[in-house]
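Student: Per full-length UniProt numbering, the sequence shown runs over residues 1 to 289. All C-beta atoms, glycine included, are put in the ideal place defined by N, C-alpha and C. Sending over a structure as structure tokens; questions will come in a sec.
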Amino acid sequence: MAIIVTEETRIVVQGITGNQGRFHAGKMLEYGSKVVAGVSPGKGGTEVLGIPVFNTVVEAVRNSGANTSILFIPAPFVLEAAFEAIEAGIKTIVIITEHVPLKDALKIMSIAKAYGVTIAGPNTFGVISPGIAKVGIMPNTIYQKGPVGIVARSGTLSYQIAYELTLAGLGQSTVVGLGGDRVVGLSLAEVIEMFDQDPETEGIVLVGEIGGTAEEEAAEIIRNIKKPVVAFIAGKTAPPGKRMGHAGAIIERGRGTYQSKIDALWSAGALIAEVPWEVPVLMKSALVK
């Protein structure tokens, strides 16, 4: 068992005829993911890498049984594409696109919640359950199946930490990228609760960053679970008022600071890594207790 991405995941790639859609559809196939359909209006009836292309998501779902969508759609059209997927009955949507307008992201999350749809992103690297499937753009070779769940706001930091865990012999159950925008679908707290319920996950790594209150909210969940949590927070030296990379990574009026997140997580019982390569050391010590 894994969370979000499982053996039952059947993927439709919206925007499969674009350069990014085509490239990453190929990488997902190489990983063994069940990429069963693509969607590109006006190009229905063609194929990309042997994957049938349809004009609409409804047609793709009807003909392929797809239940998960990954979007490689330009930002101005993500709202329409996400709505189309939801109306077609897709239950998990991974939005890779960055710079989605804030008002569009708010509309997507509102509709998704009403229809019981899980959203990862926008501006996410995706979700991977090593050895089972990946729905995303992360490197294929750094992951290994194992007992550690990772939830992250940052792609590259999560890649480094996953690789450090793999080198240390600690594989991953599922790695979830939430996305770096100010409004995203899944939250840190929600994913930690999923990992807590997942029998294959024995320990949880939280990769956070400055800005917002997601880590403080996650701390309230961590306080009430038994599985060990190791946290790494990026942005320790960021100056106040300055955005650092992600739209969600901005400190405003003292809220969302590095220290406030560390204090909340520490008081909830999480182990704190000062640098990424401390994560496997702390996780190993936590799992043997």
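In terms of residue numbering, what span does the alpha helix (DSSP H) encompassing G21 cover?
Tutor: N19 to Y31
Student: What is the DSSP secondary structure of T166, reduced to helix, strand or coil?
Tutor: helix
Student: Pick helix, strand or coil for S64, following the three-state DSSP scheme.
Tutor: helix
Student: CB L282 to CB L265, shorter than 7 Å?
Tutor: no
Student: To the nearest angstrom, report how far apart T141 and K284 are at their CA atoms.
Tutor: For T141 and K284, the distance between alpha carbons rounds to 22 Å.
Student: So, are the CB atoms of residue 293 and L186 less than 7 Å apart?
Tutor: Outside the shown range of the chain, which is 1 to 289, sits residue 293, and nothing can be said about it.
Student: Work out the CA separation of V288 and A82 for me, nearest whole Å.
Tutor: Whole-angstrom Cα-Cα distance: 43 Å.
Student: Which two residues bound the contiguous alpha helix (DSSP H) that contains I108?
Tutor: L102 to Y115
Student: Does the beta-carbon of F54 have 16 or more other beta-carbons within 10 angstroms, so that it is buried, or is it exposed?
Tutor: buried
Student: Report the residue from I222, L165 and I111 whose alpha carbon sits nearest the alpha carbon of G197.
Tutor: Checking the sequence, you will find Gln at residue 197 rather than Gly. Ranking I222, L165 and I111 by Cα distance to Q197 puts I222 first.
Student: Would you mind sorting E164 into buried or exposed? The rule is 16 or more other CB atoms within 10 Å of its CB.
Tutor: E164 comes out buried.
Student: Could you say which of A25, P122 and A273 lies nearest to L106 if we only look at CA atoms?
Tutor: Among A25, P122 and A273, the Cα nearest to that of L106 is on P122.
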